[in-house]
Amino acid sequence: MAETERDDGAAGFLRCFGAQLRLLRERKGLTRAELGSLLGYGEDQVASVELGRRIPKPEMIDRADEVLGAGGLLVAMKGEVARARYPSFFQHAAKLESEAVELHAYVAHAMKGLLQSEEYARAVFRQWRPLLDEEVIEQRVAARMERQDVFSRRPVPNISFVVEEAVLHKRIGGDEVWRGQLEQLLLIGQRRNVEIQVMSLERGEHAGLAGPFTLMETKDGRRVAYTEVQSDGRLHTERSRVRELEATYGTIRGQALAPQESMVLIEKLLGEA
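Given below as structure tokens:
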């Protein structure tokens, strides 16, 4: 099945969920503003969910099911709602990422989703081919921003990134978005559990020439790797393959600038913007 068809299916499901929510709300005789007040959300947020433009969080679904007397109807759709937040090729990896106790990534071509500002993410999705519908773009952006909860999750995971310097020079979304993205990197890099390193342009050959990848360790001690190219995502669980990428990442970190040097470089680029 083509990715655009899968995306249309996810968008269609979210519209169906929103229609169910609207019908239950109207049966209770509530306005969007009144339901929002009961749920702790704004009227615009409720409207966006009902129109399938916003993906509701699990706690919102639980509360709405209770307030509207849905008898578990909305709760039963929670799993599908969660899966609809991401393209199908990334759904399993997203679940592992949200639960990882360690996460390490080598970043090339464009900024990794976990590091992206909202404006940068929106600019990236608008460049996807085939073109994504605007509501799909907004759903993807919202999901990408929620993924960044991993930085503040408890227990605190150990996270590191090595970013190609060339990525820092790409003004995706224009100058203002680019500056915002550099500021985002500096903010994330200040977190005690996060280290960001830059692979300098002055480093000619290095161990990352085969492309980007992500390493994760789960709560139960499983180590997995994730690779992605042209909307084809693959999880690697075989220990020999994961071990190869772990060794590669160790070499990449040794060849990149140290975290403090990397932050200085990013600050310099921002100062020259």
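If you count by numbering that gives the first Met the number 0, then the sequence shown holds residues 0 to 272, one letter each, in order.
From the three backbone atoms N, C-alpha and C, an ideal C-beta is built for every residue, glycine too.
Residue i - DSSP class collapsed to helix/strand/coil
{"i": "E4", "result": "Reliability of the predicted coordinates at E4 is poor, the pLDDT of 38 falling under 50, and the value obtained from them is presented with this limitation in mind. Three-state DSSP puts E4 in a helix."}
{"i": "V223", "result": "strand"}
{"i": "P86", "result": "coil"}
{"i": "V48", "result": "helix"}
{"i": "P258", "result": "helix"}
{"i": "V100", "result": "coil"}
{"i": "M110", "result": "coil"}
{"i": "G207", "result": "coil"}
{"i": "A272", "result": "coil"}
{"i": "R125", "result": "helix"}
{"i": "L130", "result": "coil"}
{"i": "K218", "result": "coil"}
Whether residue i touches residue j by CB criterion (7 Å)
{"i": "A224", "j": "V241", "result": "yes"}
{"i": "V106", "j": "R121", "result": "no"}
{"i": "V48", "j": "P55", "result": "yes"}
{"i": "F160", "j": "I195", "result": "yes"}
{"i": "R24", "j": "E134", "result": "no"}
{"i": "L167", "j": "L244", "result": "no"}
{"i": "G179", "j": "E118", "result": "yes"}
{"i": "R82", "j": "G112", "result": "no"}
{"i": "I265", "j": "L185", "result": "yes"}
{"i": "L50", "j": "G17", "result": "yes"}
{"i": "L72", "j": "A63", "result": "no"}
{"i": "A46", "j": "R31", "result": "yes"}
{"i": "S116", "j": "Q183", "result": "yes"}
{"i": "F12", "j": "E96", "result": "no"}
{"i": "G273", "j": "G41", "result": "Nothing about residue 273 can be read from this structure; the chain reaches only from 0 to 272."}
Strand pairing of residue i, partner residues [DSSP]
{"i": "F212", "result": "Y105"}
Minimum Cβ-Cβ distance from residue i to chain C less than 7 Å
{"i": "R252", "result": "Annotation note: the requested chain C is absent from the structure, which comprises a single protein chain."}
Worksheet entry | Contained alpha helix (DSSP H) runs [length at least 4] in the stretch 135-204, N- to C-terminal order | 164-168 and 174-188
Item to complete: Please go through the stretch 227-252 and give each complete beta strand (DSSP E) segment of 3 or more residues, from N-terminal end onward.
Response: 231-235
Worksheet item: How do the stretch 248-262 and the stretch 202-214 stand: do at least 3 beta-carbon pairs fall below 8 Å, yes or no?
Response: yes
Worksheet entry | Touch test, the stretch 147-167 against the stretch 183-192, Cβ-Cβ under 8 Å, three pairs minimum | yes
Worksheet item: Are three or more beta carbon pairs between the stretch 85-104 and the stretch 211-218 nearer than 8 Å?
Response: yes
Fill in: At least three beta-carbon pairs within less than 8 Å, the stretch 228-236 to the stretch 83-95
yes
Fill in: Touch test, the stretch 110-128 against the stretch 57-69, Cβ-Cβ under 8 Å, three pairs minimum
no
Discussion item. Please give the ranges of any alpha helix (DSSP H) in the stretch 15-73, keeping only runs that are unbroken, at least 4 residues long and fully inside the region.
Written reply: 31-38, 42-49 and 57-66
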